[in-house]
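Residue numbers (the working numbering), protein chains in the order written: chain A, 35 to 326; chain B, 409 to 863; chain C, 116 to 392. Where a beta carbon is used, it is the ideal one built from N, C-alpha and C, also for glycine. See below for the structure under consideration.
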């Protein structure tokens with residue numbers, strides 16, 4: 035094979051990353067794959083090869099549909115909220131005007147506060163007797179006295195989604211802000227010369243320039259949200275009655291609760307494969323427009 | 409010159425006698441195996457991460473280790489969330505901690521995986537009668553004791569004497585009386601909305617729901633395993649199980665705040681301390697909480713054991729627990745050193761000091777420590793002496809913890825770490841399934857797990 | 116078009132302030148709570164302002180727990196993780212956006228592998244790797260674990276920022292005789308700064324708040340990190356509310372300071388200056 039000088043350069047620049055991935059990522063992933071094909075005996079730690087039995091069990095598990103549905107709702111709603119809020123906020127903070135530095139920092143904070151503090155805090159806000167949010171809902175006759183949204187299945191899901199949107203939007207906001215800074219000023223000037231109003235500027239100049247970063251962020255945020263365990267577990271533990279149990283919580287219960295490591299690994303691998311397939315298709319479609 | 413150069417012959421023949429050679433060989437061997445000045449380092453884990461408790465243990469362990477020459481301590485607090493992952497990795501690396509201070513669930517887990525050394529000998533040497541039998545029984549398996557009971561966790565009903573008096577309610581001695589009392593204690597506020605609820609029924613999905621349910625189940629004599637035969641009996645006692653489940657739901661609907669369906673410890677304790685509920689099953693932590701948040705109710709609090717179904721029989725058992733000291737499998741020297749440290753730690757005054765690091769919540773599981781001056785002279789113990797005596801005499805002698813009715817069983821850790829029981833309970837409380845269906849769900853999952861664990 | 120700029124700014128201010136209220140209000144409540152004495156933490160109906168303030172929680176956090184040590188450790192781990200992620204990430208981002216090579220697609224997709232698995236599943240094998248390197252109970256071990264967790268998204272985000280920079284700029288420099296590496300460091304990297312810094316901020320924050328690996332890879336008290344410190348205020352029987360809020364508030368301070376100082380590198384004016392200069 036003949037390698038062009040450029041191809042070699044590409045490999046050279048990528049080599050530290052490639053080495054890191056091979057050494058530190060390939061083994062854990064292969065181990066997870068291996069584990070999914072086994073059943074681990076609790077007492078003796080002996081492993082039995084069972085092939086696809088774990089996956090077959092997953093398909094027969096009555097939890098499969100509820101958990102998958104919860105995960106879908108959780109992910110889609112979180113993404114819509116985070117991207118809507120994130121883009122809107124980014125457009126505002128892009129202006130370099132006095133006081134904006136402080137505003138930007140405040141708006142970043144939900145992402146910075148440790149998740150445990152956020153989860154505890156939202157539980158408190160939603161407490162049936164001492165929480166401000168519940169108090170307001172009760173005052174508006176949307177909740178009976180001393181009742182909390184966390185005790186009602188659908189409302190509990192809405193609550194964790196809200197907490198997740200509140201917590202995660204700064205990521206989208208900052209990324210969009212960085213991308214906005216990279217839009218050449220000439221494009222706006224040209225549009226204005228053509229008589230474009232604020233809305234047209236946004237639609238024809240801003241948005242197209244944000245397309246690239248949106249594509250990447252969407253898939254990354256999707257993967258991240260689908261696999262995000264902490265905030266839901268810490269706020270509701272997946273309840274009430276499984277209403278907020280999503281895929282990561284299911285994995286956690288099987289692995290660290292029942293110590294059925296093989297089954298837990300199979301659940302994780304199934305999810306991972308789904309996400310990889312989605313990502314690959316997504317990128318195949320998306321890269322047609324971005325590679326020059 | 410090496411021993412081989414000397415012909416080995418019968419004693420008295422003029423060559424080097426065998427016994428001398430053996431001695432020489434032993435001496436030479438010793439020169440190469442005695443570690444020069446190496447200290448034995450004992451690794452010590454505790455799950456008690458709050459400073460008040462951890463510092464006491466660390467101080468005591470270090471002092472006790474110092475009494476042996478060449479023994480040092482590597483002390484660690486391990487948050488409960490990281491405990492199982494740490495244990496799993498320790499087992500895999502074959503590096504069990506030498507001393508562990510933890511709950512029964514972890515005891516059962518490590519014991520099932522063969523990571524422990526039996527401490528029956530220590531129980532004997534410290535005096536078996538000094539330990540409360542119920543605490544020894546919980547940590548036993550196969551005729552051996554695997555953990556030394558340190559202090560007891562205990563669950564009883566904490567109630568407001570003043571509210572009882574105001575409503576003319578007496579201490580209930582049966583389930584019906586308790587339900588009636590709870591209803592009588594419901595009090596609406598000036599705006600018509602409930603100001604006080606009679607009885608908190610917390611059903612947080614993880615840990616708290618089983619805790620509430622099993623308190624009721626045990627009071628009626630229901631168990632997962634038969635305490636004598638160790639056979640799985642939960643499914644055979646369906647009637648008791650369903651009755652307990654239905655009672656819990658009735659109590660919730662009649663006298664508990666609606667949000668309690670997902671309450672955890674913080675919520676129901678706060679509810680009691682702030683005066684929102686008149687009664688609640690609790691573990692004694694409300695005292696410290698009241699000291700911080702509402703000292704006015706401290707002298708209005710009292711306790712009674714959760715009653716059995718009928719007034720003529722006392723409750724069979726409560727749902728309790730405790731913290732134990734375990735000895736991890738290791739080299740004989742380290743095990744011996746660990747056991748010596750434990751013997752030192754079990755000086756009644758030291759046991760008392762550990763319990764006092766969280767007064768009322770932690771009560772010593774040994775009689776000598778309970779009666780020891782150090783324990784009894786603690787300010788809060790003195791203040792609540794009648795309550796503590798009641799707990800020690802009426803609640804602590806008879807208790808179980810999910811799955812450990814016949815001794816250690818790894819199902820306990822799984823019940824604590826998963827939510828299948830909480831799920832069934834919450835579904836029943838929400839009205840999605842009947843109490844009987846909830847019990848069936850629990851039974852099904854329990855059977856499946858028990859079967860997997862006993863292979 | 117000055118008036119349009121002014122209208123735009125006014126709108127931006129108004130919306131920003133609304134956002135600050137919506138986002139900031141819970142944060143403000145948290146901050147105020149960390150100064151509330153115990154008996155005022157749970158009152159019905161809820162009140163924002165306490166009647167008295169207390170420093171007890173902060174005192175407990177600073178004195179009883181080893182807070183300064185935790186902060187130092189979290190800072191070191193965060194800085195190291197960010198440095199490694201950004202260096203190998205920017206190099207790789209440059210490589211994949213400027214050049215074609217066989218296996219590039221496999222590399223990019225494969226980089227997502229550790230990202231699509233929840234951390235608990237990869238946890239044991241990663242633990243074994245770090246153990247075999249002898250880095251258990253060492254800050255370096257946690258740095259490696261955090262890099263594994265953050266590198267995939269760092270790489271992909273950096274790639275998209277680099278793609279936005281036209282390849283014509285590189286080609287112009289190459290025509291002028293600049294080497295690939297020089298072009299990367301002196302021309303392209305400065306243009307990508309806003310993106311690089313945004314990724315850096317998020318890698319740092321992720322490392323700062325990471326609990327699972329930091330909790331299990333570290334055993335010595337002197338090496339613990341902030342999330343561990345916070346979790347020590349939660350046992351299965353007690354939740355030290357005041358201390359958790361105080362420590363949570365304290366934990367945001369270094370990141371706030373960092374972000375305030377780093378912000379100027381995001382700004383258009385600085386970038387424009389860099390290009391022209």
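Exercise for the section: Please look up how many angstroms separate the CB atoms of residue 618(B) and residue 808(B), rounded, as I've assumed it's under 8 Å. Expected result: The C-beta distance from residue 618(B) to residue 808(B) rounds to 12 Å, too long to meet the 8 Å contact threshold.
Handout entry: Unbroken alpha helix (DSSP H) run spanning residue 655(B), endpoints
Key = Judged by DSSP secondary structure, residue 655(B) falls within the alpha helix (DSSP H) whose first and last residues are 646-663.
Practice task
Identify the contact partners of residue 179(C) in chain B, using a Cβ-Cβ distance below 7 Å as the criterion.
Solution key: Listed along the chain, the chain B residues whose CB falls inside 7 Å of the CB of residue 179(C) are 459.
Handout entry: Straight-line Cα distance separating residue 239(A) from residue 120(C)
Key = One alpha carbon belongs to residue 120(C), the other to residue 239(A), and they sit about 16 Å apart.
Problem - Every unbroken alpha helix (DSSP H) within the stretch 559-641 of chain B, with a cutoff of 4 residues, ordered by chain - result: Taking only runs of at least 4 residues, the alpha helix (DSSP H) segments lying wholly in the stretch 559-641 of chain B are 569-575, 583-593, 616-627.
Handout entry: Per-residue contacts from residue 342(C) into chain A (C-beta, under 8 Å)
Key = The answer, in chain order, is 148, 150.
Exercise for the section: Using three-state DSSP, classify residue 409(C) as helix, strand or coil. Expected result: The shown model of chain C, from 116 to 392, leaves out residue 409(C), and the question about it has no answer.
Handout entry: Continuous alpha helix (DSSP H) stretch holding residue 181(C): start and end
Key = Segment: none, residue 181(C) is in no alpha helix (DSSP H) and carries neither H nor E.
Exercise for the section: Please specify which runs of the beta strand (DSSP E), each continuous and at least 3 residues long, are wholly inside the stretch 446-494 of chain B, giving them in chain order. Expected result: Qualifying beta strand (DSSP E) stretches, in chain order: 448-454, 479-485.
Exercise for the section: Spell out whether any CB of chain A is found under 8 Å from the CB atom of residue 389(C). Expected result: At residue 389(C) the pLDDT is 44, less than 50, meaning the model places this residue with poor confidence; the figure from the coordinates comes in the next sentence. No, because no Cβ of chain A sits closer than 8 Å to the Cβ of residue 389(C).
Exercise for the section: Spell out whether any CB of chain A is found under 8 Å from the CB atom of residue 130(C). Expected result: Residue 130(C) counts as touching chain A.
Practice task
Going by CA-CA distance only, name the one from 762(B), 648(B), 668(B) that's closest to residue 834(B).
Solution key: The shortest Cα separation from residue 834(B) among 762(B), 648(B), 668(B) belongs to 668(B).
Handout entry: residue 102(A) to residue 280(A) span [Cα, whole Å]
Key = Roughly 7 Å between the two C-alpha positions.
Problem - the stretch 338-353 of chain C / the stretch 171-188 of chain C touching (three or more Cβ pairs under 8 Å) - result: In short, these stretches touch, since the Cβ pair count reaches three.
Exercise for the section: Check distances from the C-beta atoms of the stretch 268-301 of chain A to those of chain C and list, in chain order, the residues that come in under 9 Å. Expected result: Correct list: 281, 282, 285, 286, 289, 290, 295, 298, 299, 301.
Problem - Exposed unless 16 or more other CB atoms sit within 10 angstroms - verdict on residue 747(B) - result: With 16 or more Cβ atoms within 10 Å of its Cβ, residue 747(B) is classed as buried.
Practice task
Could you have a look at residue 259(C) and say whether DSSP puts it in helix, strand or coil?
Solution key: Assignment of residue 259(C) by DSSP, reduced to helix, strand and coil, places it in the helix class.
Exercise for the section: Could you tell me the distance, in whole angstroms, from the CA atom of residue 47(A) to the CA atom of residue 372(C)? Expected result: So the alpha carbons of these two residues sit roughly 33 Å apart.
Handout entry: Contact set between residue 184(A) and chain B, taken where Cβ atoms lie within less than 8 Å
Key = One finds 667, 670 in chain B with Cβ atoms closer than 8 Å to the Cβ of residue 184(A), taken in chain order.
Practice task
Please name the residue or residues paired with residue 712(B) in a DSSP beta bridge.
Solution key: The bridge partners DSSP lists for residue 712(B) are 565(B).
Handout entry: Spatial distance of residue 846(B) from residue 836(B) (CA atoms)
Key = Cα to Cα, the separation comes out at about 6 Å.
Exercise for the section: Find the nearest neighbour of residue 689(B) within the set 711(B), 791(B), 493(B), judged by alpha-carbon distance. Expected result: Ranking 711(B), 791(B), 493(B) by Cα distance to residue 689(B) puts 711(B) first.
Practice task
Name, please, each residue of chain C whose Cβ falls closer than 7 Å to the Cβ of residue 364(A).
Solution key: In this structure chain A extends from 35 to 326, so residue 364(A) is not present and cannot be described.
Handout entry: Partner residues on chain C for residue 701(B), Cβ-Cβ distance less than 8 Å
Key = Against residue 701(B), the close residues of chain C are 153, 154, 156, 157, in the order they occur along the chain (beta-carbon pairs closer than 8 Å).
Practice task
Whole angstroms is fine: what's the gap from residue 776(B)'s alpha carbon to residue 98(A)'s?
Solution key: Rounded to whole angstroms, residue 776(B) to residue 98(A) spans 54 Å at the Cα level.
Problem - Under 8 Å by beta carbon: chain F residues contacting residue 339(C) - result: Absent here is chain F; the protein component of the structure consists of chains A, B and C.
Problem - Option in 308(A), 310(A), 301(A) with minimal Cα separation from residue 2(A) - result: Any question about residue 2(A) goes unanswered here, given that chain A covers just 35 to 326.
Exercise for the section: Could you tell me which residues DSSP puts in a beta bridge with residue 198(A)? Expected result: DSSP lists no partner for residue 198(A).
Practice task
To the nearest angstrom, report how far apart residue 533(B) and residue 752(B) are at their CA atoms.
Solution key: Using only the alpha carbons, I get a separation of about 12 Å.
Handout entry: Entirely enclosed beta strand (DSSP E) segments - the stretch 735-779 of chain B, minimum 3 residues
Key = The beta strand (DSSP E) runs lying completely inside the stretch 735-779 of chain B and spanning 3 residues or more number zero.
Problem - Length at least 4, wholly inside the stretch 345-379 of chain C: the alpha helix (DSSP H) runs in chain order - result: Whole alpha helix (DSSP H) segments, 4+ residues: 356-377.
Exercise for the section: Use the C-beta contact count for residue 868(B): other C-beta atoms within 10 angstroms, 16 or more gives buried, fewer gives exposed. Expected result: Outside the modelled stretch of chain B, which goes from 409 to 863, sits residue 868(B), for which no answer is possible.
Practice task
Look at the alpha carbon of residue 209(C) and the alpha carbon of residue 199(C), and state the distance between them as a whole number of angstroms.
Solution key: Straight-line measurement puts the Cα of residue 199(C) at about 15 Å from the Cα of residue 209(C).
Exercise for the section: Name the two residues that bound the continuous beta strand (DSSP E) containing residue 687(B). Expected result: That run of the beta strand (DSSP E) goes 685-690.
Handout entry: Residue interval of the alpha helix (DSSP H) (run including residue 88(A))
Key = Start and end: 87-94.
Handout entry: residue 695(B) vs residue 680(B) beta-carbon contact at 8 Å
Key = No, they are not a contact pair.
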